Amino acid sequence: VVYEQEGVFIHSSCGKNDDQDSLIAGILRVIEKENEVVVDWRPLDETLDTSNILCAGKDSSSVVEWTQTPKEKCFRGADRPSSYEAEWDMVTTVSFKKKPHSNGDATTHANGESKWSFLFSLTDLKSIKQNKEGMGWSYLVFCLKDDVKLPALHFHHGDSKPLIKCLEKHVALNVSPHDERVLLVKTQKSLSQSFENLFDEPSYGLFQKLKKDPYVVTMGKFSKVTNYIVGSLRSSDPSNQRRPPSEMADFFNDTIPGLKINQQEEPGFEVITRIDLGKQPEVSRREPVSAEEWAKNMDSEGRILDVDYIKRLIFKGGLCHTLRKEAWKFLLGYFPWNSSKEERANLQKRKTDEYFRMKLQWKSVSEEQEKRNSRLRDYRSLIEKDVNRTDRTNKFYEGEDNPGLILLHDILMTYCMYDFDLGYVQGMSDLLSPVLYVMENEVDAFWCFVSYMDQMHQNFEEQMQGMKTQLIQLSHLLRLLDSGFWSYLESQDSGYLYFCFRWLLIRFKREFSFQDILRLWEVMWTELPCQNFHLLLCCAILESEKQQIMDKHYGFNEILKHINELSMKIDVEYILCKAEAISMQMMNCKELPQTVSEILGIENSSVTPDSDTGEDESGAELSCPTSLYQSISTPVIAANGTRDGAQQMAETQSLAPA
Numbered sequence: 001v002v003y004e005q006e007g008v009f010i011h012s013s014c015g016k017n018d019d020q021d022s023l024i025a026g027i028l029r030v031i032e033k034e035n036e037v038v039v040d041w042r043p044l045d046e047t048l049d050t051s052n053i054l055c056a057g058k059d060s061s062s063v064v065e066w067t068q069t070p071k072e073k074c075f076r077g078a079d080r081p082s083s084y085e086a087e088w089d090m091v092t093t094v095s096f097k098k099k100p101h102s103n104g105d106a107t108t109h110a111n112g113e114s115k116w117s118f119l120f121s122l123t124d125l126k127s128i129k130q131n132k133e134g135m136g137w138s139y140l141v142f143c144l145k146d147d148v149k150l151p152a153l154h155f156h157h158g159d160s161k162p163l164i165k166c167l168e169k170h171v172a173l174n175v176s177p178h179d180e181r182v183l184l185v186k187t188q189k190s191l192s193q194s195f196e197n198l199f200d201e202p203s204y205g206l207f208q209k210l211k212k213d214p215y216v217v218t219m220g221k222f223s224k225v226t227n228y229i230v231g232s233l234r235s236s237d238p239s240n241q242r243r244p245p246s247e248m249a250d251f252f253n254d255t256i257p258g259l260k261i262n263q264q265e266e267p268g269f270e271v272i273t274r275i276d277l278g279k280q281p282e283v284s285r286r287e288p289v290s291a292e293e294w295a296k297n298m299d300s301e302g303r304i305l306d307v308d309y310i311k312r313l314i315f316k317g318g319l320c321h322t323l324r325k326e327a328w329k330f331l332l333g334y335f336p337w338n339s340s341k342e343e344r345a346n347l348q349k350r351k352t353d354e355y356f357r358m359k360l361q362w363k364s365v366s367e368e369q370e371k372r373n374s375r376l377r378d379y380r381s382l383i384e385k386d387v388n389r390t391d392r393t394n395k396f397y398e399g400e401d402n403p404g405l406i407l408l409h410d411i412l413m414t415y416c417m418y419d420f421d422l423g424y425v426q427g428m429s430d431l432l433s434p435v436l437y438v439m440e441n442e443v444d445a446f447w448c449f450v451s452y453m454d455q456m457h458q459n460f461e462e463q464m465q466g467m468k469t470q471l472i473q474l475s476h477l478l479r480l481l482d483s484g485f486w487s488y489l490e491s492q493d494s495g496y497l498y499f500c501f502r503w504l505l506i507r508f509k510r511e512f513s514f515q516d517i518l519r520l521w522e523v524m525w526t527e528l529p530c531q532n533f534h535l536l537l538c539c540a541i542l543e544s545e546k547q548q549i550m551d552k553h554y555g556f557n558e559i560l561k562h563i564n565e566l567s568m569k570i571d572v573e574y575i576l577c578k579a580e581a582i583s584m585q586m587m588n589c590k591e592l593p594q595t596v597s598e599i600l601g602i603e604n605s606s607v608t609p610d611s612d613t614g615e616d617e618s619g620a621e622l623s624c625p626t627s628l629y630q631s632i633s634t635p636v637i638a639a640n641g642t643r644d645g646a647q648q649m650a651e652t653q654s655l656a657p658a
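First residue of the sequence shown: 1, per UniProt numbering; consecutive thereafter.
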């Protein structure tokens, strides 16, 4: 229950006197369920005993007297004013269409409950009508998408503003251009419109925009944003060093609804922190896979002979650039790994026809048609804006009238036809740009992008479920990996790891150089050595910055600023080594918590470093990545895992907050 208000009444006819209302007292709640948010109103007394009906005169400005009486005792109020709203005239029955509860429609109750009780899902809400100011107590009328109007709800104890604020966390509400009393529900809440410069506005305005649209803020220069955030969250009193964690948690939970991590230690937290992961092993990387190695692993019909072996090679060293155009199609799932050269040629032919059919759909829309299609207009406008500022320093996209920009635009517009529900959200151009750069072909780039978006889709959905899940999973991993560092971040109001938002949203695209991103992505696409390897990359980056953050006693603002300024300064090979070492450290742990095992997709059992195989009896890859390093390691770069455990403990103790 995220909202609850008593003293919310329905005014129904007393039956005998047209000037009087029977006031049915009830409780209004907004309830978050697993897959939906519902609004629920029900009388305090579901039996509706007539002796408990509250009566008052039909006066929009005041109530003459409140009392609990039988319904024949109704008190008279002032005459009905001329501006009396039609919604106040309630009929004595509710004739809603009866549908299954799961559909979220308002229903009558078949089990004997009050005929006035109703509930509906916010996905079915069309509009909300409010009364004018100065018209007495607040009231609201909910209108559903099938044009069913629910009984007006009158807020005798308090007003309706807190309810509206609560609903705005889940749906976008806009004032109707035809009636300022009506709030219209937008059909699709835009996650992010563009890289607008938000930083010249007053802090309050930016603070509100951060709450409404975290995508825009985190995709911009976070170091500037944090000055406004801290100014808004912390008082001007210099003695007040930081806000209580609970208040910070409230703010960030508002920003990403459903994100519940770190503020209350979970049951078993102490057990997790005492687990000894051991030292991180040293890890080395090899040279990129060469064209000769790739060709040797292919038969006469063009089939890959040993898929697992070639994936291990790519994970350990990446690909030489000349191979990427072909190999990425396999890694992204556009080409099946077991397909022959002929089968791939036929697939490309079919996919080419399919692509241009979809492209023709938006190309053939006339200007007159587009005037009547606001969503298509919005998608086109946003795509044009973002394309013009995506990787413009790269030669492939620089200059005016660049053909690369035209292809970028056309592929994104065609993707809107492929997935019109999602359409285009800011950040997607960042994911397409390297793919198009490598493919140098419109059709192949499109289908590779489609496959990539299948992996990333949840990051861009309205409810941000993918982002919520990843931030929570990352918190579990970091908490296990280094509880001392985790505690320090939490003490500085940074335990929510919100500064990792941009990393996860577009897979580090803005944290590494363009060429380094090509290497990083192809390694991640192997899905080795475990699932969610990108979260271990986050852990590796944070652990590499831990010493500076703790030694310099960075606070909330400094941590955000420091993490943001790492962009383009991170050594990709070092971080890949470190993340791989962390994966081995966790996989070899004999007491790995079940939650972490599930996040990494490994067996929750002891796996020793000297295991001969990386497969279980069914042939699926097992937890230990030792087999990755046998017979394929040509070390060129090595990374030492961590500092000595005793030294690490001493550092943590000396810097632990009081």
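The beta-carbon is built from N, C-alpha and C at its ideal position, and this holds for glycine as well. Please read these numbers as outputs of a predicted model, since none were measured by experiment.
Exposure of residue i, with buried meaning 16 or more beta-carbon neighbours within 10 Å
{"i": "N35", "result": "exposed"}
{"i": "K329", "result": "buried"}
{"i": "K296", "result": "exposed"}
{"i": "D276", "result": "exposed"}
{"i": "I406", "result": "exposed"}
{"i": "S300", "result": "exposed"}
{"i": "R519", "result": "buried"}
{"i": "P162", "result": "exposed"}
{"i": "P151", "result": "buried"}
{"i": "F291", "result": "This sequence places Ala at residue 291; Phe is not what is there. Counting Cβ neighbours within 10 Å, A291 comes out exposed, since fewer than 16 surround it."}
{"i": "residue 660", "result": "In this structure the chain extends from 1 to 658, so residue 660 is not present and cannot be described."}
{"i": "W337", "result": "exposed"}
{"i": "S117", "result": "buried"}
{"i": "V30", "result": "buried"}
{"i": "V2", "result": "exposed"}
{"i": "D493", "result": "buried"}
{"i": "N459", "result": "buried"}
{"i": "Q280", "result": "buried"}
{"i": "S381", "result": "exposed"}
{"i": "H553", "result": "exposed"}
{"i": "D444", "result": "buried"}
{"i": "F420", "result": "exposed"}
Delimiting residues of the alpha helix (DSSP H) encompassing residue i
{"i": "G438", "result": "Residue identity check: residue 438 is Val in the sequence provided, not Gly. That run of the alpha helix (DSSP H) goes 428 to 439."}
{"i": "F512", "result": "Here F512 belongs to no alpha helix (DSSP H), and DSSP marks it neither H nor E."}
{"i": "L474", "result": "465 to 481"}
{"i": "N174", "result": "That residue, N174, is in no alpha helix (DSSP H); its beta strand (DSSP E) goes 173 to 175."}
{"i": "P162", "result": "161 to 168"}
{"i": "Y418", "result": "403 to 418"}
{"i": "C539", "result": "533 to 551"}
{"i": "F449", "result": "442 to 456"}
{"i": "R344", "result": "341 to 363"}
{"i": "L600", "result": "594 to 600"}
{"i": "C577", "result": "572 to 587"}
Beta-ladder partner(s) of residue i, from DSSP
{"i": "residue 683", "result": "It is not possible to answer for residue 683, since the shown part of the chain is limited to 1 through 658."}
{"i": "M298", "result": "I304"}
{"i": "L119", "result": "D40"}
{"i": "F155", "result": "V8, S138"}
{"i": "L144", "result": "L125"}
{"i": "I31", "result": "V38"}
{"i": "Y3", "result": "V30"}
{"i": "V425", "result": "For V425, which the question treats as bridged, DSSP gives no partner whatsoever."}
{"i": "L319", "result": "V289"}
{"i": "K149", "result": "C143"}
Sequence-distant residues of its chain with Cβ nearer than 8 angstroms to residue i (five each side left out)
{"i": "G333", "result": "S451, D454"}
{"i": "M358", "result": "T414, M417, Y418"}
Segment limits, beta strand (DSSP E) that includes residue i
{"i": "I128", "result": "125 to 130"}
{"i": "L183", "result": "182 to 185"}
Residues near residue i in its chain [Cβ-Cβ closer than 6 angstroms; skip 5 each side]
{"i": "E6", "result": "I27"}
{"i": "L119", "result": "V38, D40"}
Beta-carbon proximity list for residue i, same chain, < 7 angstroms, skipping 5 on both sides
{"i": "T390", "result": "Y397, L408, S429, D430, S433"}
{"i": "E591", "result": "I275"}
{"i": "L474", "result": "L497, C500, L535, C538"}
Exercise. With a cut-off of 8 angstroms, do at least 3 Cβ pairs link the region 558 to 577 to the region 504 to 522?
Worked result: Segments in contact, yes.
Exercise. Would you say the region 470 to 488 touches the region 527 to 546, given that touching needs at least three Cβ pairs under 8 angstroms?
Worked result: Between the region 470 to 488 and the region 527 to 546 there are three or more C-beta pairs closer than 8 angstroms, enough to call the two in contact.
For this session: Report yes or no: do three or more beta-carbon pairs, one from the region 524 to 543 and one from the region 337 to 345, lie closer than 8 angstroms?
Result: Taking a cut-off of 8 angstroms for Cβ pairs, the region 524 to 543 and the region 337 to 345 do not touch, as fewer than three such pairs fall below it.
Problem set entry | the region 280 to 289 / the region 315 to 324 touching (three or more Cβ pairs under 8 angstroms) | Flag = yes, the region 280 to 289 and the region 315 to 324 touch.
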